[in-house]
Amino acid sequence: MYQTLEIERSNRVATVWMNRPDVHNAFDETLIAELTAACEALDQDASVRVVVLAGRGKSFSAGADLNWMKRAAQNGVEDNLRDARALARMLRVLAEMKKPTIARVQGAALGGGTGLTAACDIAVASTKAVFATSEVKFGIIPAAISPYVVRAIGARQSYRYFQSAERIDAVRARELGLVHEAVEPEQLDAKVQEIVDALIQGGPLSQAAAKDLIRAVDNQPINDAVVEDTAQRIAGLRATPEAQDGLSAFLDKRQPGWLA
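For the sequence shown, my numbering begins at 141 and goes up steadily by one.
So, in structure tokens, the structure goes:
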């Protein structure tokens, strides 16, 4: 189906492999369109519980393809705006998937690769991984990825790295909050699987609701409106078949229906 992606399915997990190893999985208009379409399709696939984003070869993703950037530099404002909107939409579709998403980062994740990492719910990196918001080195800015990177590392750290374009190793990325785990290369897949196994235990509707809850309360003052909103959310979920099944399964010491 795809020119730039491979999708593997196993035990309710879909792994989306960016498959342009010869250019370090840099993205162009084709990969952007295909990754958008793949995320949309997998989000609607009831047989998939968790989506893992990964890259073939040495690198996770080196960001934007240089040949694509060269073409963009020769285009007019309208063409550049269309490309920028497509990239921004790809990141948003990934970030707003209802299902849990994990970035499996084994090597370089530069520019847009850092953005893909931040757009996923969870990120696990090899100690050989390296990150950077390197756009200023090309006279541009990390615009499309900024909402996700700033969300991950905060404004204060973003002031430094958006302007300095310094390389960030995996341990530092974990300290910043860009990744959740930094493990030795041979432990990468085991750590991803450990998190996948934990995610599978949760109810799919409640996980989607949890993601929506985070977006609703993040950076909001704790006021009457927020408190009421949280009360409405939990009250509504308690009446759902998934919640009723989950509670009765716990009391009956059996597996809930979503694990059947």
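Note that the Cβ used here is the ideal one computed from N, Cα and C, for glycine as well.
Judging by CA-CA distance, which residue of V245, K393, Q347 and V190 is the nearest neighbour of L328?
Position 188 of the sequence shown, counting from 1, holds the residue named residue 328. Looking at the Cα atoms, V245 is the closest of the given residues.
Name the residue from R225, W398, E326 and E368 whose alpha carbon lies nearest to the alpha carbon of S340.
Working through the sequence shown from its first residue, we reach residue 340 at position 200. Per the sequence shown, residue 340 should be read as Ile rather than Ser. Considering only alpha carbons, the answer is W398.
Per the DSSP calculation, I242 is bridged to which residue(s)?
Here residue 242 refers to the residue found at position 102 when the sequence shown is read from its first residue. BP columns for I242 point to V192 and I262.
Can you tell me where the alpha helix (DSSP H) with T316 in it begins and where it stops?
Position 176 of the sequence shown, counted from the first residue, corresponds to residue 316. Correcting the residue identity first, residue 316 is Leu in this sequence and not Thr. Residues A310 to L316.
According to DSSP, A204 sits in a beta bridge with which residue or residues?
Taking the sequence shown and counting its residues from 1, one reaches residue 204 at position 64. For A204, which the question treats as bridged, DSSP gives the partners F167.
Can you pull the DSSP bridge partners for T155?
Numbered from 1 along the sequence shown, position 15 holds the residue referred to as residue 155. Answer is E148 and V192.
Could you check which residue in D385, R373 and P325 has the C-alpha nearest to that of A310?
As a working note, residue 310 is residue 170 in the sequence shown. For A310, the nearest C-alpha among the options comes from P325.
Compute the distance between the beta-carbons of A235 and L318, then report whether it is under 9 Å.
Here residue 235 refers to the residue found at position 95 when the sequence shown is read from its first residue. Here residue 318 refers to the residue found at position 178 when the sequence shown is read from its first residue. Not a contact, by the Cβ cut-off of 9 Å.
When the Cα of L206 is compared with those of A243, L193 and K277, which residue comes out closest?
Residue 206 sits at position 66 when you count from the first residue of the sequence shown. Taking only the C-alpha atoms, the option nearest L206 is K277.
On a Cα-Cα basis, can you pick out the residue from V190, F167 and N165 that is closest to A402?
Look at the range of the chain in this structure, 141 to 400, and you will see that residue 402 is not part of it.
Tell me, which residues are paired with F271 by DSSP?
Numbered from 1 along the sequence shown, position 131 holds the residue referred to as residue 271. Looking at the DSSP assignment, F271 forms a beta bridge with A249 and I308.
Given that a residue counts as buried once 16 or more other Cβ atoms are within 10 Å of its Cβ, and exposed if not, what is E363?
Within the sequence shown, numbered from 1, the residue matching residue 363 stands at position 223. A small fix is needed here, since residue 363 is Asn in this sequence, not Glu. It is exposed - the Cβ of N363 has fewer than 16 other Cβ atoms within 10 Å.
With E368 as the anchor, note down where its alpha helix (DSSP H) starts and where it stops.
Position 228 of the sequence shown, counted from the start, is the residue given in the question as residue 368. E368 -> alpha helix (DSSP H) spans D364 to R378.
Leaving out five residues before and five after G251 in sequence, what residues of the same chain have Cβ atoms less than 8 Å from its Cβ?
Stepping through the sequence shown from its first residue, residue 251 is reached at position 111. So the list reads A202, G203, A204, A272, T273, S274, E275, P282 and I285, once near-sequence residues are dropped.
Rank A224, Q143 and G279 by C-alpha distance to the C-alpha of A305 and give the top, closest one.
Translated into the one-based positions of the sequence shown, residue 305 becomes position 165. Ranking the options by Cα distance to A305, first place goes to G279.
For R314, collect the residues of the same chain with a Cβ closer than 6 Å to its Cβ; drop the 5 residues on either side in sequence, then sort them by chain order.
Reading the sequence shown from its first residue, position 174 is the one you call residue 314. Contacts found: A322.
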